[in-house]
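Please read the structure below before turning to the comments.
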Amino acid sequence: GEDVEQSLFLSVREGDSSVINCTYTDSSSTYLYWYKQEPGAGLQLLTYIFSNMDMKQDQRLTVLLNKKDKHLSLRIADTQTGDSAIYFCGSRGFQKLVFGTGTRLLVSP
Amino acid sequence: DVKVTQSSRYLVKRTGEKVFLECVQDMDHENMFWYRQDPGLGLRLIYFSYDVKMKEKGDIPEGYSVSREKKERFSLILESASTNQTSMYLCASSPRGPATNEKLFFGSGTQLSVL
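Chains as they are written, first to last, in this note's numbering: chain A, 1 to 109; chain B, 1001 to 1115.
Below, the structure written as structure tokens:
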């Protein structure tokens, strides 16, 4: 079945760039998503990319997609303490969205 | 803004009890979903519904059932709660947009503890 994998933790210093990586197995994925979950809250859509795009930039966020390797990444420039959260990658296949395990980003001052 | 409301933030139940988790959305979305979130396992889809009175099994439906009698409300039912159902339960909804574009709006979650 469809599978989405992410590393579990990432720790960075405030002001550095963060890169969160994701791999997926479903070659028919049409949209790929990044969601953010802050403590005590549900998930919130951050950004998404259509599968025929290589890159999408949205302010401090850059999404890179390597469709050949089925690899997605989220880069956060000038990471702030408010960016500390769990980040979920999502792959849109047939009928439903499949999520990865989530990467917990910890930003230290 | 879309609002997805889950009836309880925290719930404590005993093994064998029948448990109802309620979810209501206020944006006339066709699609509704129930996920459970466990550390190291991420989000796993339990059930989903694309229309009133319609339901589809997700990846882990065993031990659960759902009800969608009205468009705005999607209920998750644990027929006989067990300790391995202790988890964070997240409800989500989405509009019926283009077939391959689905942006989910999530509730804040219900942390269920089964003792």
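Think of the CB as a built atom: it goes at the ideal place given N, C-alpha and C, for glycine as much as any other residue. What you are looking at is a predicted structure, and each value in this text was computed from that prediction instead of being measured.
Whole-Å CB distance - residue i paired with residue j, under 8 Å assumed
i       : j       : result
B:G1109 : B:L1078 : Between B:L1078 and B:G1109 the Cβ distance is about 16 Å, and since that is not below 8 Å, they are no contact.
B:A1092 : B:Y1035 : 7 Å
Selection from the options that minimises the alpha carbon distance to residue i
i       : options                               : result
A:G82   : A:G102, A:R60 and A:C89               : A:R60
B:V1004 : B:S1049, B:F1074 and B:P1039          : B:F1074
A:G15   : A:T25, A:D78 and A:M55                : A:D78
A:M53   : A:H71, A:P39 and A:L105               : A:H71
B:Y1050 : B:Q1085, B:T1015, B:E1030 and B:S1007 : B:E1030
B:V1066 : B:A1081, B:F1033 and B:M1088          : B:F1033
A:A85   : A:E2, A:L10 and A:D3                  : A:L10
B:L1021 : B:R1096, B:E1056, B:R1068 and B:L1043 : B:R1068
Residue burial classification, residue i (beta-carbon count within 10 angstroms, cutoff 16)
i       : result
B:D1028 : exposed
A:T101  : buried
B:Q1037 : buried
B:L1041 : exposed
B:V1052 : exposed
A:F50   : exposed
B:F1106 : buried
A:L43   : buried
A:V19   : exposed
A:S29   : buried
B:G1173 : The shown model of chain B, from 1001 to 1115, leaves out residue 1173 of chain B, and the question about it has no answer.
Three-way DSSP call (helix, strand, coil) for residue i in this model
i       : result
B:G1016 : coil
A:G90   : strand
B:G1042 : strand
Could I get the ranges of all uninterrupted alpha helix (DSSP H) runs contained in the segment 25 to 56 of chain A, with 4 residues as the minimum, in chain order?
None, since the segment 25 to 56 of chain A contains no complete alpha helix (DSSP H) of that length.
Identify every run of the beta strand (DSSP E) within the segment 1034 to 1111 of chain B, keeping only runs that are complete inside it and at least 3 residues long; order them along the chain.
Entirely contained in the segment 1034 to 1111 of chain B, the beta strand (DSSP E) runs reaching 3 residues are, in chain order, 1042 to 1049, 1064 to 1070, 1073 to 1078 and 1087 to 1094.
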